[in-house]
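Working notes, structure below.
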Amino acid sequence: MTPAELTRVLGDPEWGLALVARRREAEAAAAPEPERARCLDVDKSWDALGFLLRRAGFPVDVVHGEEAVPDAEDWGYGPPRYLTPERVRAAAEALAEIPASSLTAGVGPEDLAKAEVYPTIVWERGEPLDYVTDYYALLRPFFGAAAEKGDAMLMWLG
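First residue of the sequence shown? That's 4 in my numbering, and the numbers climb one at a time after it.
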């Protein structure tokens with residue numbers, strides 16, 4: 004979202020929820036490429052992405068956001084958080100430096116199961132990490148495009 008939209012969300016979280024709902028609905032049918040999307044759902048890969056990025060020493064919390072939206076209600080599994088345009092840019096630069104193969108190097112499903120990374124049952128079954136790297140591949144252009152536009156981001160688990 005634009006910095007002006009973020010400012011409005013910080014003062015009126017309900018407006019932000021309505022904005023996000025409209026954008027998600029509009030994009031559900033159109034399914035734009037990540038470079039053109041205004042919303043990105045990483046499905047149930049969020050915890051594995053966070054685990055792998057923390058393991059890599061990633062400088063920005065691209066899963067949960069870094070700042071709480073004041074006075075926001077629960078949007079699913081907690082209130083939304085956000086990244087400023089500067090932090091979006093830092094995340095985009097760092098994402099560009101980490102290919103998916105590096106993100107998962109030396110890590111297997113058993114490591115995620117042992118660390119109790121959600122959804123644990125997937126890793127206990129020995130599912131490959133392709134599910135996570137497929138979503139990671141979407142994060143990179145999504146953040147890159149947002150950084151180019153000077154946008155901020157809202158994050159939440161829904």
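Glycine residues also receive a C-beta, built at the ideal position from the N, C-alpha and C atoms.
| task | Could you pull out every residue in the same chain whose Cβ sits closer than 8 Å to the Cβ of A116, ignoring the five residues on either side in sequence? | result | T123, W126 and E127
| Using a Cβ-Cβ cut-off of 8 Å (strictly less than) and excluding sequence neighbours within five positions of L42, which residues of its own chain qualify? | In the sequence as displayed, the identity of residue 42 is Cys instead of Leu. Answer for C42: V23, R26, R27 and E30, listed in chain order.
| When burial is assigned at 16 or more other CB atoms within 10 Å of the CB, is D133 buried or exposed? | exposed
| request: Rounded to whole angstroms, what's the CA-CA distance from L56 to V66? Just pull it up for me. | output: 9 Å
| request: Rounded to whole angstroms, what's the CA-CA distance from P82 to P37? Just pull it up for me. | output: 24 Å
| request: Assign R84 to one of three DSSP states: helix, strand, or coil. | output: strand
| field | Beta-carbon contacts of Y121 that lie in its chain and below 6 Å, excluding the five residues immediately before and after | value | D50
| query | Are A108 and F146 touching if we call contact CB-CB under 7 Å? | reply | no
| For the alpha helix (DSSP H) that contains L43, what are its first and last residues? | It is not in any alpha helix (DSSP H) - L43 carries neither H nor E in the DSSP assignment.
| task | Determine, using beta carbons only, whether P85 and L142 come nearer to each other than 7 Å. | result | For clarity, residue 85 is Tyr in the given sequence; the question names Pro instead. Not a contact, by the Cβ cut-off of 7 Å.
| field | Best match in T136, F61, W78 and V91 for proximity to S104 [C-alpha to C-alpha] | value | T136
| Limits of the alpha helix (DSSP H) - the one that L160 falls within | Taken as a continuous stretch (DSSP letters only), L160 belongs to no alpha helix (DSSP H), as it is neither H nor E.
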